[in-house]
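Asks: In order, the protein sequences belong to chains A and B. Letter by letter, the first sequence follows residues -3 to 487 of this note's numbering. Letter by letter, the second sequence follows residues -3 to 487 of this note's numbering. Quick reminder that beta carbons are idealized off the backbone N, C-alpha and C, glycines included.
Protein chains: 2
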Amino acid sequence: MAKVLTSRSENYSQWYNDLVIKADLAENSAVRGCMVIKPYGYAIWEKIQAVLDGKFKETGHQNAYFPLLIPKSFLSKEADHVEGFAKECAVVTHYRLMNDPNGKGVVVDPEARLEEELIIRPTSETIIWNTYKNWIQSYRDLPILVNQWANVMRWEMRTRLFLRTAEFLWQEGHTAHATEKEALAETEQMINVYGDFAEGWMAVPVLKGRKTESERFAGALDTYCIEALMQDGKALQAGTSHFLGQNFAKAFDVKFANKEGKEDYVWATSWGVSTRLMGALVMAHSDDHGLVLPPKLAPIQVVIVPIYRKEEELAKLTEVIAPIVAKLKAKGISVKFDDSDNRKPGWKFAEYELKGVPVRLAMGARDLENGTVELARRDILTKETVAVDGVEDLIENLLEEIQNSIFQKALDFRTEKTTKVDSYDEFKELLETKTGFFLAHWDGTVETEEKIKNETKATIRCIPFDNELEEGVCMVTGKPSKQRVVFAKSY
Amino acid sequence: MAKVLTSRSENYSQWYNDLVIKADLAENSAVRGCMVIKPYGYAIWEKIQAVLDGKFKETGHQNAYFPLLIPKSFLSKEADHVEGFAKECAVVTHYRLMNDPNGKGVVVDPEARLEEELIIRPTSETIIWNTYKNWIQSYRDLPILVNQWANVMRWEMRTRLFLRTAEFLWQEGHTAHATEKEALAETEQMINVYGDFAEGWMAVPVLKGRKTESERFAGALDTYCIEALMQDGKALQAGTSHFLGQNFAKAFDVKFANKEGKEDYVWATSWGVSTRLMGALVMAHSDDHGLVLPPKLAPIQVVIVPIYRKEEELAKLTEVIAPIVAKLKAKGISVKFDDSDNRKPGWKFAEYELKGVPVRLAMGARDLENGTVELARRDILTKETVAVDGVEDLIENLLEEIQNSIFQKALDFRTEKTTKVDSYDEFKELLETKTGFFLAHWDGTVETEEKIKNETKATIRCIPFDNELEEGVCMVTGKPSKQRVVFAKSY
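Here is the structure:
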């Protein structure tokens, strides 16, 4: 079998790109920076969506849909927001094409120029708060707990499939509240939803914390995040939840009458995760053979490959396999019986390994005689022969075991890759050979953060929520600090 | 209770607009022609999506995602396609904004001009077939059965909520096949899926048939459609399935090696329904009191309103109502117990009537004594008092009865509004006072079709599939015709 992937040790970045393409997750399109999400990749995204959507609804949110296009002037209404996004906006200036007078295809019709240019949403705070203005008069109209699943566009110069693309798919929650306290509680609730999802479904351990001022969302008073560690030791921001204070309410003049009849500006949050999660999922678990998917998000959890030469052999195998398929399906396990005759078993084995199907069963003539089946586990690449009788219960437990095992492996990796560091010299030295999370004291200033970033390329990923307080001094300035923050190089 | 809606007889078009807004389905946004789909409207759309998505998967399709933006030159590759869409394309010309040198917000950065302008997809055949070129080499790669749920943009000059908006949500299936026969079978299969959905879930009877040449999708060899009749007697095209022949394969040079090793162009179909279905749903069933929703698509199927003065009365009512809620939920019926104390029962009755909740239960002190509950049916506005005991079974049956009854009512209406007509004079005269479907003979020429359209504003909605053959003569030219076609004024 020819090696289909570059190995991680050889070139991690190339390995990632190869894998995303060869496992049929996504590919680059004819439009710079925009990807095509292929059916297998999209099936994983659909699972992610279904679970998250369920969690949003359980916590009282409803979905809605707001326009793709935003008047350019809306962006300027919130000062930080426009600073953050103006430089990466795709701009619609015309609404019609016409035949090229020189006969070469179509050209932009100069007479169909928009009075005001529209941008393709990079995020929807502005258009949504402009809408909320009409929805909110009194405290009775609050809270508004709305989410939308949508595409957004940020014209990034350097793109990578899933991790950073000009267009990406995401969900963005936008909530409106009567009090600061309630908005803060919402911000926290949603970062916890993201954390539970990352750990419980994606099997990716995450640090939860707040961003420093300079890493905050443009327009937020506070940004909470979940940060995951990839196999190359780089951090990846996997989800954010923003406390927006009254910034957008003030920018769009959204006031409400409270219970006492007094007018006040509305309090806001926004929160989102995107198809970037697909990148995190791939990079956290996969190996040189291909994808390793946590069973809870695998589109196919079990594949069954019959090994036969003649049609009648297949018929006999199918007699035994069909009831296994039925029993697995009855347990809600997604199973594929691949009896296609245009590919050899060896090809199929490699293909499902590449695609990260958690459990593979194979059955041939000898198995048929013995009442056994070969069971292979994708995550640790083991094989064993087990009895057909009761295999469905075995698999049900195994899928859970795999889910936990993948998580534990990633957690162990993170523990191993987390280093406490107390001097800046040591930090710089370590960064030359080591990657991962570095826990260090910092004096809380933008200047020091900036200096560290410029000199080492490491940034503060977050100030963790569950930090133990610890008296210390900033590793750069020696000024007092009460807790360590998390540094890392990042995606 | 103040009347919240314009009545249908007074101004049908105003009634529709009022209803969409007052029932919280959608509203216009700050961007011309683009709507905001509000949570209640979006909840219906989610139900529509879930059912259709299930049907697509049952018929072997997978979802994927293709870019929002399409290079302008792609559009020109298929001659009819560019003719059909160039005039309504939103065009992205720049990728960056900058601070206005005059200090007034942001302006387009003239240096960030794209080399080739991009259009926002009005439909995705071109970008998808450009992608399929890389996916298809041999017959083994076929068929490709892919669907995407996406937003699209057509710069319409006159827009109406759901019915015709610049941006709308839809699904577009794009399939690739080795043979013409298979592509034709797919085209037919999907119009049947749409027809089953419209009748079985939306309770909207539809005529299935093919479009005339001049009404075909731009780039198609044949367009199949489902046509519904609205309460004002106008037709609404609710879904289309296109046989694209080899047009797009030729435009994008997509060839495959067949089983005999011979090269041929790939055969294609595309098919779609959009948020326009929401408009059809509203217009087909609703009345002057508000929405009438078929139970299968109603976000809330049963609402329960307690009638009480004091807190302790509510407590007693809740003791009886809570088990009803539990039993209904156990049957998979979505139920809302509205015990909020900031609105009076009368207000709630009107609100849920406006929102089309199919069944309303109300319970007060006397009901509590008698072991009864008041049951109101939204579609025919009846009320009766029934025993609490067994009410969940009663409701389960009633929801089915309502679903069927709404469909039957719409079907009776259509039958009543369908007229056979044999002379053009009669046709023109009828059109002055009557609306609906008109079945007439036509000579099959574009000229005659055009003449009728110009003189009467009625168009051929479709040539029905289940047409009985009937010798006749064209009502305009007297030339021979073998079947009647369906004329109507339309949305």
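Is there a Cβ from chain B that is less than 7 Å from the Cβ of residue 494 of chain A?
Replies: Outside the displayed span of chain A (-3 to 487) sits residue 494 of chain A, for which this structure offers no information.
Asks: When the Cβ atoms of the stretch 173 to 186 of chain A are set against those of the stretch 381 to 388 of chain A, are three or more pairs found closer than 8 Å?
Replies: With a cut-off of 8 Å, the stretch 381 to 388 of chain A and the stretch 173 to 186 of chain A do not count as touching, because too few Cβ pairs lie within range.
Asks: Taking the continuous beta strand (DSSP E) assigned at residue 149 of chain A, which residues delimit it?
Replies: Along the first sequence, read from residue 1 onward, the residue named residue 149 of chain A stands at position 153. It spans 140 to 149 - the beta strand (DSSP E) in which residue 149 of chain A sits, taken as one unbroken run.
Asks: Between residue 303 of chain A and residue 358 of chain A, which are expected to be in contact by the criterion C-beta below 8 Å, what is the C-beta distance as a whole number of angstroms?
Replies: For the purposes of this step, residue 303 of chain A is taken as residue 307 along the first sequence, with counting starting at 1. For the purposes of this step, residue 358 of chain A is taken as residue 362 along the first sequence, with counting starting at 1. Their Cβ separation, rounded to whole angstroms, is 6 Å, which keeps residue 303 of chain A and residue 358 of chain A in contact under 8 Å.
Asks: When you compare only the Cα positions, how much space is there between residue 251 of chain A and residue 348 of chain A?
Replies: On the first sequence, residue 251 of chain A is found 255 positions in, with the first residue counted as 1. On the first sequence, residue 348 of chain A is found 352 positions in, with the first residue counted as 1. Taking the straight line from one Cα to the other gives about 56 Å.
Asks: How is residue 11 of chain A classed by DSSP in three states: helix, strand or coil?
Replies: Translated into the one-based positions of the first sequence, residue 11 of chain A becomes position 15. In this structure, residue 11 of chain A counts as helix in the three-state DSSP scheme.
Asks: If we define contact as Cβ-Cβ less than 7 Å, is residue 82 of chain B a contact residue for chain A?
Replies: Your numbering for residue 82 of chain B matches position 86 in the second sequence. Closer than 7 Å: yes.
Asks: According to DSSP, which residues form a beta bridge with residue 302 of chain A?
Replies: Here residue 302 of chain A refers to the residue found at position 306 of the first sequence. A:359.
Asks: Whose C-beta lies closer than 7 Å to the C-beta of residue 12 of chain B among residues of the same chain, with five residues either side of it excluded?
Replies: For this step, residue 12 of chain B is matched to residue 16 along the second sequence. Hits under 7 Å: 278 and 279.
Asks: Run through chain B and tell me which residues come within less than 7 Å of residue 159 of chain A, C-beta to C-beta.
Replies: By one-based count along the first sequence, residue 159 of chain A stands at place 163. Those do not exist, as residue 159 of chain A stays about 16 Å from chain B at its closest Cβ, beyond 7 Å.
Asks: What do you reckon, are the CB atoms on residue 20 of chain A and residue 2 of chain A nearer than 7 Å?
Replies: The sequence position of residue 20 of chain A within the first sequence is 24, counting from 1. The sequence position of residue 2 of chain A within the first sequence is 6, counting from 1. Result no, Cβ atoms of residue 20 of chain A and residue 2 of chain A do not sit closer than 7 Å.
Asks: Verify the CB distance criterion: does residue 55 of chain B have a CB-CB separation below 7 Å to chain A?
Replies: Against the second sequence, residue 55 of chain B aligns to sequence position 59. Output row for residue 55 of chain B: interface = no.
Asks: Please name the residue or residues paired with residue 437 of chain A in a DSSP beta bridge.
Replies: If you number the first sequence from 1, residue 437 of chain A lands on position 441. A:480.
Asks: Who are the Cβ neighbours of residue 473 of chain A in its own chain at under 7 Å, not counting the five residues just before and after it?
Replies: Along the first sequence, read from residue 1 onward, the residue named residue 473 of chain A stands at position 477. 439 and 444.
Asks: Counting pairs of Cβ atoms below 8 Å between the stretch 211 to 226 of chain A and the stretch 285 to 298 of chain A, do you hit three or more?
Replies: Not touching, per the Cβ criterion.
Asks: Put residue 316 of chain B into one of helix, strand or coil per three-state DSSP.
Replies: Within the second sequence, residue 316 of chain B is the residue found at index 320, counting from 1. The answer is helix: DSSP assigns residue 316 of chain B an H, G or I state.
Asks: Give a yes or no on whether the C-beta atoms belonging to residue 237 of chain A and residue 187 of chain A are separated by under 7 Å.
Replies: Within the first sequence, residue 237 of chain A is the residue found at index 241, counting from 1. Within the first sequence, residue 187 of chain A is the residue found at index 191, counting from 1. Closer than 7 Å, so yes.
Asks: Following a CB-centred definition, is residue 343 of chain A positioned closer than 6 Å to any heavy atom of the ligand MN?
Replies: You won't find the ligand MN in this model; it holds no ligand whatsoever.
Asks: What would DSSP say about residue 473 of chain B, mapped onto helix, strand or coil?
Replies: Residue numbering aside, residue 473 of chain B sits at position 477 when the second sequence is read from its first letter. The answer is coil: DSSP assigns residue 473 of chain B none of H, G, I, E or B.
Asks: Within 10 angstroms of the Cβ of residue -3 of chain B, are there 16 or more other Cβ atoms? Answer buried if so, exposed if not.
Replies: For the purposes of this step, residue -3 of chain B is identified with residue 1 of the second sequence, where counting begins at 1. Below a pLDDT of 50, predicted positions are generally treated as unreliable, and residue -3 of chain B, at 46, falls in that range; the measurement from the model is reported next regardless. Exposed: under 16 other Cβ atoms inside 10 Å.
Asks: With a threshold of 7 Å on Cβ separation, who are the neighbours of residue 420 of chain B within its own chain once the five nearest residues in sequence on each side are excluded?
Replies: In the second sequence, residue 420 of chain B corresponds to position 424, counting from 1. Around residue 420 of chain B: 471 and 472.
Asks: To the nearest angstrom, how far is the alpha carbon of residue 152 of chain A from that of residue 233 of chain A?
Replies: For the purposes of this step, residue 152 of chain A is taken as residue 156 along the first sequence, with counting starting at 1. For the purposes of this step, residue 233 of chain A is taken as residue 237 along the first sequence, with counting starting at 1. Their Cα atoms are separated by approximately 17 Å.
Asks: Residues in the stretch 404 to 438 of chain A with C-beta within 7 Å of chain B's C-beta atoms, listed in sequence order?
Replies: Correct list: empty, as no residue qualifies.
Asks: Answer yes if the stretch 159 to 176 of chain B comes into contact with the stretch 262 to 269 of chain B, meaning at least three C-beta pairs across the two stretches below 8 Å, and no otherwise.
Replies: The stretch 262 to 269 of chain B is in contact with the stretch 159 to 176 of chain B.
Asks: What first and last residue would you give for the beta strand (DSSP E) that runs through residue 45 of chain B?
Replies: Along the second sequence, one-based indexing puts residue 45 of chain B at 49. It is not in any beta strand (DSSP E) - residue 45 of chain B instead sits in the alpha helix (DSSP H) that spans 35 to 54.
Asks: Please determine if the stretch 140 to 151 of chain A and the stretch 94 to 113 of chain A are in contact, where contact requires at least 3 C-beta pairs separated by less than 8 Å.
Replies: Segments in contact, no.
Asks: Threshold first: 3 residues or longer. Then list the beta strand (DSSP E) segments lying entirely within the stretch 228 to 304 of chain B, N to C.
Replies: The stretch 228 to 304 of chain B contains these whole beta strand (DSSP E) runs: 231 to 241, 251 to 253, 259 to 261, 263 to 270 and 298 to 302.
Asks: Going straight from the alpha carbon of residue 103 of chain A to that of residue 482 of chain A, what length do you get?
Replies: Position 107 of the first sequence, counted from the start, is the residue given in the question as residue 103 of chain A. Position 486 of the first sequence, counted from the start, is the residue given in the question as residue 482 of chain A. One C-alpha to the other measures close to 51 Å.
Asks: Please compile the residues from chain A whose C-beta is within a distance smaller than 7 Å of the C-beta of residue 136 of chain B.
Replies: On the second sequence, residue 136 of chain B is found 140 positions in, with the first residue counted as 1. Those within 7 Å of residue 136 of chain B in chain A are 338.
Asks: Which same chain residues, not among the five before or five after residue 205 of chain A, have their C-beta less than 6 Å away from its C-beta?
Replies: Start at 1 with the first residue of the first sequence, and residue 205 of chain A comes out as number 209. Taken in chain order, the residues that qualify are 458, 459, 460 and 461.
Asks: Does residue 16 of chain B come within less than 7 Å of chain A when only Cβ atoms are used?
Replies: For the purposes of this step, residue 16 of chain B is taken as residue 20 along the second sequence, with counting starting at 1. Not one chain A Cβ lies under 7 Å of residue 16 of chain B.
Asks: With 16 other CB atoms within 10 Å as the buried threshold, where does residue 442 of chain B fall?
Replies: As a first step, residue 442 of chain B must be located in the second sequence, where it is residue number 446. Residue 442 of chain B is exposed by the Cβ-count criterion.
Asks: Which residue marks the beginning of the beta strand (DSSP E) containing residue 391 of chain B, and which one marks its end?
Replies: Counting from one through the second sequence, the residue named residue 391 of chain B turns up at place 395. No beta strand (DSSP E) contains residue 391 of chain B, which is instead part of the alpha helix (DSSP H) from 387 to 412.
Asks: If you compare alpha carbons, which of B:88, B:40, B:118 and B:123 is closest to residue 111 of chain B?
Replies: As a working note, residue 111 of chain B is residue 115 in the second sequence. It is B:88.
Asks: Residue 76 of chain A to residue 395 of chain A, Cα distance in whole Å?
Replies: Working through the first sequence from its first residue, we reach residue 76 of chain A at position 80. Working through the first sequence from its first residue, we reach residue 395 of chain A at position 399. Looking at the two C-alpha atoms, the distance is approximately 46 Å.
Asks: Are the C-beta of residue 489 of chain B and some C-beta of chain A separated by less than 7 Å?
Replies: Residue 489 of chain B falls outside the range modelled here, since chain B spans only -3 to 487, and no answer is possible.
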